[in-house]
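Numbering (our numbering), first residue to last: 13 to 543.
Heads up, the beta-carbon is just placed ideally off N, CA and C, and yes, glycines get one too.
Values in this document were obtained by computation on a predicted structure and should not be read as measured data.
Worksheet: the structure to be examined is printed underneath.
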Ligand code: KIV
Ligand code: ZN
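Written as C-alpha cells, this is what we have:
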C-alpha cells in the first residue's frame, strides 16, 4: 500500500466530512434554496463541525455565485468549496466566489467513464487526461486547496482511473474524490475500487482519497463506508441524503455508523453528533422535503419502540434494543414542551436547545405567535415551535398579505372562496372565485387579485404533531412557465384551509420578489445534466 501519511491537516485516523447539501443536495427537485436559507444551512454545518462545505456551483447562475460568495465571506472554521468543470471560465468563477473564504477550496470535475467520454464529452482518453491536468493546474494557480473528481469513476476502466488520478495529483490536487455518479456499484465493488487506487497509484500518499456515492440502489451509505474501510479519509454526503435522483449518502448515517462502530472503523469524524437532528429538521423546514418516518437516525420512528417485548426490554435495560441514545443525535428527550403559561424564558431556552438562533425581533414575533397558538392548542410541541421559528426565517418580502378569508363548501354546494388581500401599495382588494373545492377556489381568488398566474405542481398537507388540535402544515410548489422556475410556499395553522391560503400567498410573494430582482435561475450547466 502506498498510503504515506497525509501531507497536511488532521491525522489519518480522522475522516473529513464534506457536505454537499448546498450543491449536489440542492440539485434535487424541490430543494432549491434562496441565499438566506443557504447561509442558515451553512452556519449550521459549520457549527456542527463539518470540515468542508460545498456551497454551490458558481458558474451555474448568478444566484449560485452569490450564495457561494456570501457563504465564503461569512463562514469560519469549515473550508468553503465551489464546484467547477475543467475549463477556465468555470474555475475562475469558482475562485471569484470562494477567494475570501477563511479556507477556500476549488473542486474541479471531469467525466472519465467510456460512456461519458464517447457520448457526452466526445473526447479520447488522452484528451480527458490533458483537460483534467489543465483544469487542476489552473485551479492550483489560484487556490492552495484543490479537489479533483473523475465523474462516473464507478464505471471507468480501473487502469484509466489510476492514470487520471495520478495525473491529477501530479498536477497539484490535494484531494481526489471518487464518485459513483450513477449509484451503480455494490459495497464490495466500491471498496475494491478505493483499495485499488490506494494500493496502486504511486503518488496517492500526497492526496486525501474521498468517497462520493449516489443512492440509486439504496447503497450510498454502505458504499461510502466500504470506501472508508479501504482507506478513504473524506466522505461526501448531504443532510437527510438529499441529492440528484435518489440522493447522496446521508451525512447523519455515515457519522453515526462511524461513531457506533468505532472499533470496527478505527477512525473518527469531528461532527458534534447532538447537532444532527436539529440540522435534519432545519433542512426539512427550509425545503419542505420531509424524511420518511422510519429513516435511520432522524426519522420520527428512529427511537420509537412499539412492540411490548421491546418496551419491556427497554425498561429493564435500554441497550437491549438501542445501539445509540436519542440524545446522542439531538432528538429531544421529551416531546411535550410548553403551554400557555410558559413565559419568554422557557421559550427562549427551548428554541436555543433545538439549535436555532434568532435575532431579538424575530424572537418577539415567535413569542407572540406561540402565545396565540397556545391559546388554541393545549400542548405546544417542538415541532410546533419549529414551524413558528421557520415562519420568521423566510426572507421573502410579504408584498401581498392575506387579510381575510371566507369559504363555503360541502356536499351539494358549489365551493366558493372570498379573499381580501393587501396589495404591495397598501390597498386592500377583495375578490371571489368558485373552484373544485374550497382550496382550489381560494387559489383562483388569489390569482384574480394578484394577477400572478402559475401552475400548482405540488400540494402537501401534513400534521405537524399528533392530536386533533394539531397544526396542519401546507407545502406547495407553483411553477411559472415563462420564468422556467418554480417557487415554494409553506404555512401552518390549526385550520388547514387558512394554511393553504397563506402558503399560496407566500409562494406568490416569492414569485413577485424574484420578478423584482429580475433574474430567473438558469437551469443549464448542472453536473449530470450534460456538462
Ligand atoms: O456525482 C458526481 O459525480 C458529482 C461530481 C460533480 C462530483 O456530483
Ligand atoms: Zn454527485
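- If you check the C-beta of residue 125 against ligand 1, you find no heavy atom less than 7 Å away.
- In the structure shown, residue 36 adopts coil according to DSSP, grouped into three states.
- Between the beta-carbon of residue 250 and that of residue 239 there is about 16 Å, and that puts the pair past the 8 Å contact cut.
- Between residue 260 and residue 32, the C-beta gap is smaller than 8 Å, which places the two residues in contact.
- According to DSSP, residue 94 shares a beta bridge with 68, 118.
- Sixteen is the threshold: since fewer than 16 other Cβ atoms of the shown chains lie within 10 Å of the Cβ of residue 376, the residue is exposed.
- With a contact defined as Cβ atoms closer than 8 Å, residue 219 and residue 193 miss out at about 20 Å.
- Under the criterion of beta carbons closer than 8 Å, residue 74 and residue 255 do not qualify as touching, at roughly 23 Å.
- Partner residues in the beta bridge of residue 499, as assigned by DSSP, are 490.
- According to the DSSP assignment, residue 125 belongs to no beta strand (DSSP E), since it is labelled neither H nor E.
- Residue 429 and residue 467 have their alpha carbons spaced roughly 19 Å apart.
- At least one heavy atom of ligand 2 falls within 7 Å of the beta-carbon of residue 193.
- The three-state secondary structure of residue 315, taken from DSSP, is coil.
- DSSP places residue 151 inside the alpha helix (DSSP H), whose first and last residues are 137-154.
- Here residue 63 carries a coil assignment [DSSP, helix/strand/coil].
- It is roughly 44 Å from the alpha-carbon of residue 451 to the alpha-carbon of residue 283.
- Secondary structure at residue 356: helix, using DSSP grouped into helix, strand and coil.
- Just measuring C-alpha positions, the residue of 370, 479, 435 sitting nearest residue 403 is 370.
- Apart from the 5 residues on each side of it in sequence, residue 379 sits with its Cβ closer than 7 Å to the Cβ of 356, 359 in its chain, given in chain order.
- Taken through DSSP and simplified to helix, strand or coil, residue 235 comes out as helix.
- Look at the beta carbons and you see the stretch 415-434 touching the stretch 445-463: at least three pairs across the two are nearer than 8 Å.
- When rounded, the separation of the alpha-carbon atoms in residue 44 and residue 106 is 19 Å.
- Taking residue 332 as reference, the option from 322, 340, 234 with the minimal CA-CA separation is 322.
- Nearest to residue 53 by alpha-carbon distance, out of 262, 272, 293, is 293.
- Out of 514, 509, 501, the CA that lies nearest to the CA of residue 46 is found in 501.
- Taking C-beta atoms as the reference points, residue 98 and residue 146 count as a pair closer than 8 Å.
- The DSSP assignment places no complete run of the alpha helix (DSSP H) inside the stretch 179-209 (cut-off: 4 residues).
- Residue pairing by DSSP puts residue 471 in a beta bridge opposite 488.
- The three-state secondary structure of residue 441, taken from DSSP, is strand.
- With a beta-carbon spacing of about 6 Å, residue 401 and residue 363 fall inside the 8 Å limit used to define contacts.
- Between ligand 2 and the CB of residue 256, the shortest heavy atom gap is smaller than 7 Å.
- The C-beta of residue 478 has fewer than 16 other C-beta atoms within 10 Å across all chains shown, which makes the residue exposed.
- For the pair residue 61 and residue 291, the Cα-to-Cα distance works out to about 12 Å.
- Nearest in C-alpha terms to residue 121, of all of 316, 342, 231, 177, is 177.
- Rounded to the nearest whole angstrom, the CA to CA distance from residue 520 to residue 504 is 16 Å.
- Shown here, residue 78 sits in a helix according to DSSP, grouped into three states.
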